[in-house]
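> Sharing a structure with you now.
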Amino acid sequence: MTRGPGIRRGSASLEAALILPAVLVLFGAVAQVLISAQGRIYLEQAAYAAARSALAHMCPPREILLVRMTGSALPRPGACLTDPGPRNRAAQAKAEDAARWALIAAAPTTGQAAARGCDRVLAGEQIITNGDSIAGRDQAAINAMCYVFEQGNVTVDLAWQPDYQALAAGATAWPIRATVTFRMPLSTPFRRFVRDGERGDGTYWKTSTASVTLL
1 MTRGPGIRRG SASLEAALIL PAVLVLFGAV AQVLISAQGR IYLEQAAYAA ARSALAHMCP
61 PREILLVRMT GSALPRPGAC LTDPGPRNRA AQAKAEDAAR WALIAAAPTT GQAAARGCDR
121 VLAGEQIITN GDSIAGRDQA AINAMCYVFE QGNVTVDLAW QPDYQALAAG ATAWPIRATV
181 TFRMPLSTPF RRFVRDGERG DGTYWKTSTA SVTLL
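Residue 1 is where the sequence shown starts when you use the UniProt record's numbering, and the numbers rise one by one after that.
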């Protein structure tokens, strides 16, 4: 029996309807992978920025300080030797800020973080609003900054990497490792399948971590 044109058109429409959900899921998955890959680049940059900051501001380990003083008249102990706590806490804060600034490009530009009550950075907002920009972009950038400064979205762990063999050979520095953990925002329809967490306002995130070690 020969099928008429109407039957063929109906069959094609049915096939398209059956395939459409699979195609949407596929495109959603590809889009999420591409967005996550781009975010990963920013996360690596954030870990590097945090490590550089820590290397500049954090007190060296006590073993390294003692090696640096060997062979010369013992100087008056500095704050790093007698009370490193305050300086190390300040260095931790600086490293966290360095990571956050690097991650602004990976943050969402919607206003949910502001609605949740993120920490405002007035100096940063002033820098953004004082520059030349197209209407609407100022608020988008401020929203992204709000997200990275929201509690829990960015964490930084700093740790010196002891190398006693190098120390015995006269090394005067140890590497430091910065590990940055970021709640990567998920925005595609595929987000429900890959999420690590969900907020009450319907936003999702996936936890991503990067580490960089510098000497």
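For every residue, glycine included, the Cβ atom is placed at its ideal position computed from N, Cα and C. Quick caveat, the model's predicted, so the values are computed rather than measured.
Given this structure, state the Cα-to-Cα distance separating Thr110 from Tyr164, to the nearest angstrom.
Within the sequence shown, numbered from 1, the residue matching residue 110 stands at position 110. Within the sequence shown, numbered from 1, the residue matching residue 164 stands at position 164. Cα-Cα distance, rounded: 49 Å.
> Just to confirm the assignment, what range does the beta strand (DSSP E) spanning Leu215 have?
Here residue 215 corresponds to residue number 215 of the sequence shown, with the count starting at 1. Segment: none, Leu215 is in no beta strand (DSSP E) and carries neither H nor E.
> What do you reckon, are the CB atoms on Thr172 and Arg68 nearer than 9 Å?
Residue numbering aside, residue 172 sits at position 172 when the sequence shown is read from its first letter. Residue numbering aside, residue 68 sits at position 68 when the sequence shown is read from its first letter. Yes, they are a contact pair.
> Pull the bridge partners of Pro185 from the DSSP assignment, please.
In the sequence shown, counting from the first residue as 1, residue 185 sits at position 185. In the DSSP output, where bridge partners are listed per residue, Pro185 has Trp205.
> I'd like to know if the region 116 to 126 and the region 51 to 60 are in contact, where contact means that at least 3 CB-CB pairs between them fall below 8 Å.
Cβ pair count under 8 Å is below three, so no.
> Per the DSSP calculation, Trp160 is bridged to which residue(s)?
On the sequence shown, residue 160 is found 160 positions in, with the first residue counted as 1. According to DSSP, which records beta bridges pairwise, Trp160 is partnered with Ile176.
> Cβ atoms of Ala46 and Val194: under 9 Å apart, would you say?
The residue labelled residue 194 in the question sits at position 194 within the sequence shown. The residue labelled residue 46 in the question sits at position 46 within the sequence shown. The answer is no: Cβ separation not under 9 Å.
> For Arg137, does the count of other Cβ atoms within 10 angstroms reach 16, so buried, or fall short, so exposed?
As a first step, residue 137 must be located in the sequence shown, where it is residue number 137. Exposed.
> Is the region 82 to 90 close to the region 176 to 186, with three or more CB pairs under 8 Å?
No, they do not touch.
> What did DSSP end up calling Glu96 once you bin it into helix, strand or coil?
Start at 1 with the first residue of the sequence shown, and residue 96 comes out as number 96. Reduced to three states, the DSSP call for Glu96 is helix.
> Report all residues from its chain with a CB closer than 7 Å to the CB of Thr82; omit the five preceding and five following residues, and keep chain order.
Here residue 82 refers to the residue found at position 82 when the sequence shown is read from its first residue. Counting only Cβ-Cβ distances below 7 Å, and skipping sequence neighbours, we find nothing.
> With 16 other CB atoms within 10 Å as the buried threshold, where does Pro162 fall?
Here residue 162 corresponds to residue number 162 of the sequence shown, with the count starting at 1. Looking at its Cβ environment, which holds fewer than 16 other Cβ atoms inside 10 Å, Pro162 is exposed.
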